[in-house]
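A short worksheet on the structure shown next.
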Amino acid sequence: MNEFSQVQLRTFRTFLAFSLLVLVTSLSVMFSNSQKFRISEIEYVLDNQLEFQSINLLYGKSIWFVDENSFDQVYKDNPEVKNLSITKEIPNKLIITFNLYEKLTNIVDLRSSMKNIIILYENTFTASTDNINKNLPIVEISNGPVQDGFNGEIISFFKTLNNYEYTKSLLKVSYNGELFEAYYGETIYELGGAIDLGVKASILGNYLSSDTCSGTIRFITSESTIEDCK
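To convert, take the position in the sequence shown, counting from 1, and add 3; that gives our numbering.
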């Protein structure tokens, strides 16, 4: 093949590559700007109430340009959202599946004239509510003050208890500003101060799962107890 033919071949290949690039770019622009591919339907896979205002801003956007980075404001508006996934049904439907942080317990604060109830999540987020969640344990605060790190100890306590079999709705924990007591069935567990609750929970979890003692169990240290069973 002579030099002229090689030049022609290279020129032709360059032309083909350029034409293909132009075609792909043109199609991308056409699809992204087409009204057919703009989001007009959003479906939520969730059985919980969230703030959806920021999600509604996705209506009318090109479905091709929506990804998980499009939901930064959703995370800011809804701290209980752990992560989410999206499914696109072409041409215009978006399906959003939410994964929430775990709700650990009700915290009932009786220190003021009005009872305050919050739900404590595993990521330290709290949400005020008017009603007790009957599927969760109850932590009742009758006196104060509550020290810094209190919620962190409570989270450690219930995350450890998750490793054991017990009925969450039957567990009640009271705090009088100094000491914790837990009530489960016919047994009182004197847990002591608001320290090492995660360690204490590993001992308590064994008691709760076996549920063989009716009476009082006192924690002498974080890892040792005295039993007074009937």
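Think of the CB as a built atom: it goes at the ideal place given N, C-alpha and C, for glycine as much as any other residue.
Being a predicted model, the structure only gives us computed values, none of them experimental.
{"Query": "When the Cα atoms are used, what is the spatial distance from Ser159 to Phe222?", "Result": "17 Å"}
{"Query": "Relative to the alpha-carbon of Ile98, which residue among Ile157, Ile121, Lys39, Asp70 has its alpha-carbon at the smallest distance?", "Result": "Asp70"}
{"Query": "Do the segment 165 to 179 and the segment 139 to 148 touch if we need at least three Cβ pairs shorter than 8 Å?", "Result": "yes"}
{"Query": "Please classify Glu83 as buried or exposed, where buried requires at least 16 other C-beta atoms within 10 Å of its C-beta.", "Result": "buried"}
{"Query": "Starting from Ile45, follow its DSSP beta bridges and name the residues at the other end.", "Result": "Leu97"}
{"Query": "Could you name each continuous alpha helix (DSSP H) segment of 4 residues or more that falls completely within the segment 179 to 230, going from the start of the chain to the end?", "Result": "200 to 213"}
{"Query": "Does the distance from the C-beta atom of Asn109 to that of Leu139 stay below 8 Å?", "Result": "yes"}
{"Query": "Grab the span of the alpha helix (DSSP H) containing Leu113 for me, first residue to last.", "Result": "Looking at the DSSP string, Leu113 is not in any alpha helix (DSSP H), and its letter there is neither H nor E."}
{"Query": "What's the call for Phe68, buried or exposed, on a 16-neighbour Cβ count within 10 Å?", "Result": "exposed"}
{"Query": "Tell me which same chain residues have a C-beta within less than 6 Å of the C-beta of Asp199, skipping the five on either side of it?", "Result": "Ser225"}
{"Query": "Return the first residue and the last residue of the beta strand (DSSP E) that Ser131 is part of.", "Result": "129 to 132"}
{"Query": "Quick one: what's got a C-beta closer than 8 Å to Gly208's C-beta in the same chain, skipping five residues either side?", "Result": "Thr163, Leu164, Asn166, Tyr167, Tyr169"}
{"Query": "For Glu105, which of Gly188, Asn86, Glu181 has the nearest alpha-carbon?", "Result": "Asn86"}
{"Query": "Whole angstroms are fine: how far does the CA of Glu230 sit from the CA of Tyr47?", "Result": "50 Å"}
{"Query": "For Gly147, which residues in the same chain have their Cβ closer than 7 Å to its Cβ, ignoring the five residues on either side in sequence?", "Result": "Arg114, Gly180"}
{"Query": "What are the start and end residues of the beta strand (DSSP E) that includes Lys85?", "Result": "84 to 92"}
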